[in-house]
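Asks: The structure follows.
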Amino acid sequence: MALSEAQKQFYWENGFLAVEDLIPQAQVIAMRNRIEELCDNWDSEAAKRVGVQQESQSGNPITKQSSQTVRKFSNLTQYEKTFRQHALNPALVDAVADLIGTPLSLYADQALLKPPLYGSEKPPHQDNAYFGVSPADSVITCWCALDDATLENGCMHYIPGSHKLGLVEHEKIENTPHLVPPEFQKDKAVAAPVRAGGCVFHHALSLHMSPPNQTKLWRRAFVCHYVRSDAQMKRDAASLLQVRRS
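Residues in the sequence shown are numbered consecutively from 30, following our numbering.
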């Protein structure tokens, strides 16, 4: 799907862009169903192959890990046809190409889940603190809602224009994989709720976070990180899934 000039301008001014109804509901349901299967069998080899992670018991009333406490899967496109098809979806790739150009590759992917009541906050951060891609304009995240993402269940929040700050200082939270800036003004964050099938695109330097899920419903998302194939990156560009040559 080609983006309008107004949408592209909004992205470059604010560092993020929400687009409703980008992914067909049939594809959304297929991804959601497969995530449910993986959660139901969270200790299976199939789930372990895609890096199943559980919510931490710290700060959560979790007595034991279960299908209702799964928070993340990684590298699904490598093993799961349904998610690979999503990453190659022409409408999605068209929008990415409109924002960062071509050639394009898939840098990474992950399913980010907030289980009912247990889904924890994702601390504020910039993606490029992890990725280290140069130039930062050449990498973009596409966050696709598989359930309606609302204020109550933990939709994405952004600091508008923060991508213009460059890479800010990040500190590691002890005993976690999280890197966070020492100062983050939550009162300046803007919510980006979207319906299931909607996508939020954000710049690799946009400061963003998501609050906890306070509802009895899941908040699931499938996230693709795309990169210009000619960018400088930590990963071997030749090993990445190429999604568009030109």
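All residues carry an ideal CB built from backbone N, CA and C; glycine is no exception.
According to DSSP, simplified to helix, strand and coil, what is K93?
Replies: In the structure shown, K93 sits in coil (DSSP, three-state: anything other than H, G, I, E or B).
Asks: Return the first residue and the last residue of the beta strand (DSSP E) that K101 is part of.
Replies: That run of the beta strand (DSSP E) goes V99 to S103.
Asks: Distance, Cα to Cα, L196 vs K217?
Replies: If I take the Cα positions, the gap works out to 18 Å.
Asks: Can you tell me where the alpha helix (DSSP H) with D127 in it begins and where it stops?
Replies: Start and end: P119 to I129.
Asks: Take Y187 as the anchor and find which of A165, P240 and Y255 has the nearest alpha-carbon.
Replies: The option with the nearest alpha carbon to Y187 is P240.
Asks: Quick check on Q56: does DSSP put it in helix, strand or coil?
Replies: Reduced to three states, the DSSP call for Q56 is helix.
Asks: Where does A120 land, buried or exposed, given buried means 16+ other C-beta within 10 angstroms?
Replies: Label assigned to A120: exposed.
Asks: I need the straight-line Cα distance from G88 to V229, nearest angstrom please.
Replies: Reliability of the predicted coordinates at G88 is poor, the pLDDT of 49 falling under 50, and no value is obtained from them.
Asks: Anyone know if the C-beta pair for L292 and A116 falls short of 8 Å?
Replies: Outside the displayed span of the chain (30 to 275) sits residue 292, for which this structure offers no information.
Asks: Alpha carbon to alpha carbon, how far is I202 from R273? Give it in angstroms, no decimals.
Replies: The alpha-carbon atoms of R273 and I202 are separated by roughly 37 Å.
Asks: Between D127 and K37, is the Cβ-Cβ spacing less than 8 Å?
Replies: Yes; because the gap between Cβ atoms is below 8 Å, this pair is in contact.
Asks: Alpha carbon to alpha carbon, how far is S235 from L105? Give it in angstroms, no decimals.
Replies: One C-alpha to the other measures close to 24 Å.
Asks: Please state whether the Cβ-Cβ distance between G102 and L67 is less than 8 Å.
Replies: What sits at residue 102 in the sequence shown is Phe, not Gly. In contact: F102 and L67 (Cβ atoms closer than 8 Å).
Asks: On a Cα-Cα basis, can you pick out the residue from Q56, L32, R100 and T131 that is closest to V168?
Replies: The option with the nearest alpha carbon to V168 is T131.
Asks: How would you call V162, buried or exposed, if buried means at least 16 neighbouring beta carbons within 10 angstroms?
Replies: Under this definition V162 is a buried residue.
Asks: Distance check for Y255 and M30, CA to CA, integer angstroms please.
Replies: Approximately 16 Å, taken between the alpha carbons.
Asks: Since A225 contacts V57 with CB under 8 Å, what's their CB separation in whole angstroms?
Replies: Confirmed, about 5 Å.
Asks: Cutting at 7 Å between CB atoms, please list the residues of its own chain near E181, excluding the five before and the five after it.
Replies: Around E181: Q243 and T244.
Asks: What would DSSP say about S73, mapped onto helix, strand or coil?
Replies: Here S73 sits in coil by DSSP.
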